[in-house]
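What follows is a single structure, written as structure tokens, with notes after it.
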Amino acid sequence: MGQFILKTDTAKKIINIELEGTFSNEDGLKSIQAYQQTINPITPAEYALDIDCRKLNVTAPDVVPLLEGCFIMFKADGFQKVSLTLENNPILKMQLARLGRKAGLENLEITSTVQA
Numbered sequence: 001m002g003q004f005i006l007k008t009d010t011a012k013k014i015i016n017i018e019l020e021g022t023f024s025n026e027d028g029l030k031s032i033q034a035y036q037q038t039i040n041p042i043t044p045a046e047y048a049l050d051i052d053c054r055k056l057n058v059t060a061p062d063v064v065p066l067l068e069g070c071f072i073m074f075k076a077d078g079f080q081k082v083s084l085t086l087e088n089n090p091i092l093k094m095q096l097a098r099l100g101r102k103a104g105l106e107n108l109e110i111t112s113t114v115q116a
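For the sequence shown, position 22 (counting from the first letter as 1) is numbered 22 according to UniProt numbering, and the numbering increases by one without interruption.
Structure follows, in structure tokens:
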């Protein structure tokens with residue numbers, strides 16, 4: 001089951017999202033609803049989106065279209081920058097980079113961290 005935590009840092013103008021586990025379509029839809037409620041009161045163009053994917057598993061093929069829809073939504077919302085932080089997971093990094101390119105998300109930055 002996939003879990004998510006959304007936090008708005010109005011002082012730094014950053015939306016922080018923490019993702020964990022394996023998302024089903026249902027989990028993904030719940031996270032999208034929570035995301036939309038979080039960004040409703042703000043102007044996304046004034047904010048950066050920082051997504052922590054260090055505990056996220058590779059997305060199953062049947063959920064990929066939903067994830068792609070999220071990238072398209074991030075682009076449409078017009079964030080200043082979209083940052084993804086991953087563990088050293090080349091497969092997930094390739095998957096997310098490909099979906100970001102496909103969605104036309106040009107301000108996407110993916111950082112891999114190596115856990116000591």
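Using N, Cα and C, we set each Cβ at its ideal position, and we do this for glycine too.
For this session: Could you work out which residue in L92, E109, L86, K12 is closest to F74 when comparing CA atoms only?
Result: E109
Problem set entry | Exposed unless 16 or more other CB atoms sit within 10 angstroms - verdict on I105 | Reading off the sequence, residue 105 comes out as Leu, not Ile. Flag for L105 reads buried.
Problem set entry | Nearest-angstrom Cβ-Cβ length linking F4 and S31, presumed shorter than 8 Å | 4 Å
For this session: Would you be able to state if there are at least three C-beta pairs under 8 Å between the stretch 56-74 and the stretch 96-104?
Result: yes
Exercise. Is D62 helix, strand or coil when you go by DSSP?
Worked result: coil
For this session: Please check the pair A48 and Q95, which I expect to be a contact at CB under 8 Å, by giving their CB distance rounded to whole angstroms.
Result: Going by Cβ atoms, the distance from A48 to Q95 rounds to 22 Å, so no, they are not a contact pair.
Exercise. For the stretch 4-40, which segments carrying the beta strand (DSSP E) assignment without a break, of at least 3 residues, lie completely within its bounds, in sequence order?
Worked result: 14-21
Exercise. What did DSSP end up calling L67 once you bin it into helix, strand or coil?
Worked result: Helix, per DSSP.
Problem set entry | Own chain, CB closer than 7 Å to L66, minus 5 neighbours either side, in chain order | N25, G28
Problem set entry | For I72, the nearest candidate out of L86, A103, A34, Q37 (CA to CA) | Between I72 and the set L86, A103, A34, Q37, the nearest pair of CA atoms involves A103.
Exercise. Can you tell which of S112, I42, T111, C53 has the C-alpha that lies nearest to the C-alpha of I14?
Worked result: I42
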